[in-house]
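Working notes, structure below.
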Amino acid sequence: MNDLDIIIIGAGASGLMAAREMSKAGLKVQILEARNRIGGRIFTLKGEQSVQLELGAEFMHGHLPVTLQLIKEAGLKYSKMEGKTFQFKNGELKKDAEFIEDWSPFIRKLNQLDNDMSIRQFLDEYFAEEKYEELRNSVKSFVEGYDAADTNYASAFALREEWSNEGEWTNFRIINGHSSVMEFLANDFKEAGGIINLDTIVKEIIWKHRQVEVVTADGKTYESQQILITVPVSVLRANPNSKAGIAFNPEIPLKIEASRLIGFGSVIKILLQFREPFWNSREFENGKYKNFSFIFSDAPIPTWWSQHPQPSSLLTGWLAGPQAEKLKDVSEDKILKMGISSLSEIFKIEKDGITSYLIDSHLVNWNSDPFTLGAYAYATVNTLQGRKVLNEPVDKTLYFGGEALYEGAEMGTVEAALASGKNVARRIIEDH
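The end of the sequence shown is residue 432 by this note's numbering, with every number in the run present.
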């Protein structure tokens, strides 16, 4: 008889948080993680000159009770992102402009909506006139860029709730990187007797009431009384024959169908480190870019940010949503060239000039990562229904967690993942 109480699939934020909570409650817990590292979609690296690189989650925003408590426990610090914000459109640069024309009437009408629909349908129904073409395009770009969502499916109600929270727009960074929080959780878990197995790809879960057998890609088996699955919903619904796909025996069709009701967006991040922050020079464009934080543009890689107020020569490019999904199979070299071309267009510098300043580059295409198949979840019109089904355990044996299953407004964030992990851990402890 195996004495392991619970196996957790995935050592991301949700899995680690749940593992820590359950091990502290006296349960014997083991995590199986497919990657050669913990953290999942949180991945902090040190670049040239010890510059901190966030290849995954970077900003904290919104209501953050669980994250802030963890940061306090870990003795970590965070800083507010400051600086000027620009919009670059049709070759013209604007500072602190109203980013979306007709935003006020748009929000007013959205607040009057009684029945949920996709944000695309909402725009087509209420803002179809030619004079609102700019509004439609801007909202589409914003939803794709910020929520990594497809406007054909993204819930108007969910976006309304998100946009009504002004605190959502203030961004913070963890000074030692998001991975420091993951390391803190993992260390706490291990100190309580927990075990983390890396490079362990789960391929099949054979289960019946209070009895679970997990089969991995290398043929090993692990047994426990219960199991918590914290893989992204994109992986949960993936073909079991794909690299990270999981087969359930017996099958769980209601859960898999529920996972299809939750949107999952794509993101590409390009991190470019330069010899010096040339944009801060008074000689460059008369100092207009000095201390900028964000640039939103219509360039191929549209969104860029600096590390201000931290002194750094790093710029990060961001492409999300359907436009990023189209580049799933495009080479890193080609995407990197798109980034250089975008900065050349925005800063009005020859591409060779940009590359002459460049000393290091990193690119991550989360949609082509077999263990995530995307970046983070967003709400569709049917997400509430899907989430409700997934949050219900199967026979007090199979449990699910992750940022997509969080029931608050911070869905798709690290806070959502941590809170989901904490909530499902409490449920498992009660059921045990």
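Ideal Cβ positions, reconstructed from N, Cα and C, are used throughout, including at glycine. Just so you know, these numbers come straight off a predicted model, no measurement behind them.
| request: Note down the Cα distance separating Tyr378 from Phe189, rounded to an integer number of angstroms. | output: In this structure, the CA atom of Tyr378 is about 29 Å from the CA atom of Phe189.
| query | By a C-beta neighbour count over all protein chains shown, 10 Å radius and 16 as the cutoff for buried, is Ala299 buried or exposed? | reply | Buried is the call here.
| query | Between which two residues does the beta strand (DSSP E) containing Glu48 stretch? | reply | In the DSSP assignment, Glu48 falls outside any beta strand (DSSP E), carrying neither H nor E.
| field | Alpha-carbon spacing of Arg20 relative to His432, whole angstroms | value | If I take the Cα positions, the gap works out to 16 Å.
| said: In whole angstroms, give me the CA-to-CA distance for Ala419 and Asn239. | reply: Near 28 Å, if we compare the C-alpha coordinates of Asn239 and Ala419.
| message | For Met1 and Ile295, I'd like the C-alpha separation in whole angstroms. | response | With a pLDDT of 46 at Met1, under the threshold of 50, the modelled position of that residue is not reliable, and the figure given next carries that caveat. Computed Cα separation, rounded: 59 Å.
| Rounded C-alpha distance that separates Phe347 from Leu373 | Between Phe347 and Leu373, the alpha-carbon positions lie close to 33 Å from each other.
| Is Val389 close to chain E, meaning its C-beta is less than 8 Å from at least one C-beta of that chain? | Although the question refers to chain E, the structure presented lacks it and comprises just one protein chain.
| query | What are the complete beta strand (DSSP E) segments, minimum 3 residues, inside the region 55-87? | reply | If we require 3 residues or more, the beta strand (DSSP E) runs fully inside the region 55-87 come out as 78-80.
| query | Over what stretch of residues does the alpha helix (DSSP H) that includes Leu390 continue unbroken? | reply | 383-390 is the span of the alpha helix (DSSP H), which, as asked, contains Leu390.
| task | Keeping to the same chain, check which residues put their C-beta closer than 8 Å to that of Gln385; ignore five residues upstream and five downstream. | result | Short of 8 Å from the beta carbon of Gln385, and not among the five residues preceding or following it, lie these beta carbons of its own chain, in chain order: Ala258, Leu261.
| Do you know offhand how far Phe264's Cα is from Ser155's? | Going from the Cα of Phe264 to the Cα of Ser155 covers about 13 Å.
| request: Return the residue from the list Ala57, Asp395, Lys109 that minimises the CA-CA distance to Pro250. | output: Nearest option by C-alpha distance: Asp395.
| request: Write down every uninterrupted run of the alpha helix (DSSP H) in the region 331-396 whose length is 4 residues or greater and which is fully enclosed by it, in chain order. | output: For the region 331-396, whole alpha helix (DSSP H) runs of length 4 or above, ordered along the chain, are 332-347, 351-357, 383-390.
| query | For Ile175, which of Asn291, Glu283, Leu53, Asn382 has the nearest alpha-carbon? | reply | Ranked by Cα distance from Ile175, the first of Asn291, Glu283, Leu53, Asn382 is Leu53.
| message | So, with DSSP's three-state summary, where would you put Phe127? | response | In this structure, Phe127 counts as coil in the three-state DSSP scheme.
| query | Cα separation between Ala409 and Tyr146? | reply | When rounded, the distance between both Cα atoms is 14 Å.
| query | Do the region 333-348 and the region 209-223 meet, that is, are 3 or more Cβ pairs less than 8 Å apart? | reply | Using a C-beta cut-off of 8 Å, the region 333-348 makes no contact with the region 209-223, since fewer than three inter-stretch Cβ pairs fall below that distance.
| message | Helix, strand or coil, according to DSSP, for Arg260 in the structure here? | response | In this structure, Arg260 counts as coil in the three-state DSSP scheme.
| request: Determine the direct distance from the alpha carbon of Ile7 to that of His209, and round the result to whole angstroms. | output: CA-to-CA, the gap between His209 and Ile7 works out to about 15 Å.
| query | From the DSSP output, which residues share a beta bridge with Ala154? | reply | According to DSSP, which records beta bridges pairwise, Ala154 is partnered with Thr380.
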